[in-house]
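Working notes, structure below.
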Amino acid sequence: MKVSLYRKFAELLNEAEREKREVARITEEVPDLSAEEAYKIQEELIKIKTNSGHRIIGPKMGLTSQAKMAQMKVKEPIYGYLFDYMFVPSGGAIHMSELIHPKVEVEIAFILGEDLEGPHVTSTQVLSATKYVAPALEIIDSRYQDFTFTLPDVIADNASSSRVVIGNTMTPIHSLKTDLDLIGAALYINGELKACGAGAAVFNHPANSVAVLANMLARKGERLKAGDIILTGGITEAIQLSAGDTVIGQLDQLGDVSLSVKE
Numbered sequence: 002m003k004v005s006l007y008r009k010f011a012e013l014l015n016e017a018e019r020e021k022r023e024v025a026r027i028t029e030e031v032p033d034l035s036a037e038e039a040y041k042i043q044e045e046l047i048k049i050k051t052n053s054g055h056r057i058i059g060p061k062m063g064l065t066s067q068a069k070m071a072q073m074k075v076k077e078p079i080y081g082y083l084f085d086y087m088f089v090p091s092g093g094a095i096h097m098s099e100l101i102h103p104k105v106e107v108e109i110a111f112i113l114g115e116d117l118e119g120p121h122v123t124s125t126q127v128l129s130a131t132k133y134v135a136p137a138l139e140i141i142d143s144r145y146q147d148f149t150f151t152l153p154d155v156i157a158d159n160a161s162s163s164r165v166v167i168g169n170t171m172t173p174i175h176s177l178k179t180d181l182d183l184i185g186a187a188l189y190i191n192g193e194l195k196a197c198g199a200g201a202a203v204f205n206h207p208a209n210s211v212a213v214l215a216n217m218l219a220r221k222g223e224r225l226k227a228g229d230i231i232l233t234g235g236i237t238e239a240i241q242l243s244a245g246d247t248v249i250g251q252l253d254q255l256g257d258v259s260l261s262v263k264e
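First residue of the sequence shown: 2, per our numbering; consecutive thereafter.
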């Protein structure tokens with residue numbers, strides 16, 4: 002695929018996000034789009050955002066459960082990037098008028114204290130390099146019609162990144178009494194339990210997700226940096242949001258994180 006096409010599709014996705022409108026999947030026009038080409042589109046999308054003055058806060062992982070990987074017929078997860086404009090304070094609000102068809106899931110965020118550079122990064126090295134962990138809500142919002150896509154489509158669309166809420170409590174990782182794979186998570190919407198799970202849903206242990214991310218980034222000569230906020234992947238399924246919703250994510254030992262949904 003020509004570089005000009007990477008840019009064309011990146012501009013399409015950026016405009017769709019900015020204008021809050023659905024677009025047709027890229028694979029409808031380019032049926033044989035590969036994951037490698039999709040990451041090239043994502044890179045162009047990231048350039049558009051950074052050239053517009055937005056700042057990357059850290060990366061995020063997607064398709065980190067065995068079930069999702071099997072569903073999408075892939076052997077490794079995908080990644081995208083979180084920007085400054087996506088962050089909402091815990092207890093704050095998101096607005097349906099700024100989004101297309103948002104869904105929410107509970108995650109564990111890692112805040113690095115040291116750089117991590119692959120290849121061959123292990124989960125033990127991740128835990129050693131991590132300063133804090135925190136509860137998080139990720140709001141994913143595909144720019145594609147009916148929230149339907151193939152693997153290359155979602156990669157190109159920055160892994161459906163949209164909004165993120167990080168809890169106010171930052172827990173030093175060495176102070177945890179339970180390993181992260183055993184930490185339970187619950188998602189409540191309007192007081193009703195909608196989904197629950199444990200840290201093991203994320204690649205058997207959330208630190209494995211960060212290690213895989215570091216090793217994937219190493220393929221293009223990049224590394225994870227001290228200060229990065231990393232979303233490790235959904236512990237719970239993603240639940241559709243509506244105006245008027247109040248959302249609370251609860252994670253054992255890590256605390257709560259919340260948001261409200263406005264028109």
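Each residue gets a CB set at the ideal place from its N, CA and C atoms; glycine is no exception.
**Prompt:** Which term fits Asp158, buried or exposed, when burial requires 16 or more other beta carbons within 10 angstroms of its beta carbon?
**Reply:** buried
**Prompt:** Whose CA, out of Gln241, Phe10, Asp257 and Pro207, lies closest to the CA of Gln67?
**Reply:** Pro207
**Request:** Starting from the C-beta of Leu242, find all residues in its chain whose C-beta is less than 6 angstroms away, skip the five residues before and the five after it, and write them out in chain order.
**Result:** Pro103, Val105 and Val262
**Request:** Give the DSSP-derived three-state secondary structure of Lys69 in the structure shown.
**Result:** helix
**Validate contact between the stretch 71 to 90 and the stretch 188 to 196 using beta carbons, cut 8 angstroms, 3 pairs** = no
**Asked** Is it the case that the Cβ atoms of Ile184 and Val211 are separated by a distance below 9 angstroms?
**Response** no
**Extent of the continuous alpha helix (DSSP H) run through Glu37** = Ala36 to Asn52
**Prompt:** Just how far apart, CA to CA, sit Thr123 and Leu218?
**Reply:** 14 angstroms
**Exposed unless 16 or more other CB atoms sit within 10 angstroms - verdict on Lys178** = exposed
**Message:** Quick check: the Cα distance between Thr151 and Leu13, rounded to an integer number of angstroms?
**Reply:** 17 angstroms
**Asked** Which whole runs of the beta strand (DSSP E) in the stretch 149 to 212 are 3 residues long or more, in chain order?
**Response** 162 to 167, 185 to 190 and 193 to 199
**Asked** Buried or exposed: which applies to Leu144, given that a residue is buried once 16 or more other Cβ atoms fall within 10 Å of its Cβ?
**Response** Note on identity: in this sequence residue 144 is Arg, with Leu being the wrong assignment. Answer is buried; the Cβ neighbour count reaches 16.
**Item:** Cβ-based neighbour list, Met62, same chain, cut-off 7 angstroms, excluding 5 preceding and 5 following
**Value:** Pro78, Tyr80, Ser210, Leu214, Leu232, Thr233 and Gly234
**Prompt:** Of all the options Glu20, Pro136 and Lys48, which has the alpha carbon lying nearest to the alpha carbon of Arg8?
**Reply:** Lys48
**Request:** Thinking Leu113 and Gly228 are a contact (beta carbons under 8 angstroms), I'd like their distance in whole angstroms, please.
**Result:** 7 angstroms
**Message:** When you compare the CB positions of Gly59 and Pro136, do they come within less than 9 angstroms of one another, or not?
**Reply:** no
**Item:** Where Glu139 falls: helix, strand or coil (DSSP)
**Value:** strand
**Asked** Given a threshold of 16 other Cβ atoms within 10 Å of its Cβ, counted over all protein chains shown, does Ala244 qualify as buried or as exposed?
**Response** exposed
**Message:** If I measure Cβ to Cβ from Ile270 and keep anything under 8 angstroms in the same chain, skipping five residues before and after, which residues do I get?
**Reply:** Within the shown structure, residues of the chain are numbered from 2 to 264, placing residue 270 beyond reach of any answer.
**Asked** Can you tell me the Cα-Cα spacing of Arg26 and Phe10, whole angstroms?
**Response** 10 angstroms
**Asked** So what's Thr125 in DSSP terms, helix, strand or just coil?
**Response** helix
**Request:** With a 10 Å radius around its C-beta and 16 neighbouring C-beta atoms as the bar for buried, classify Asn15 as buried or exposed.
**Result:** buried
**Asked** For Gly119 versus Arg224, is the C-beta distance shorter than 9 angstroms?
**Response** yes
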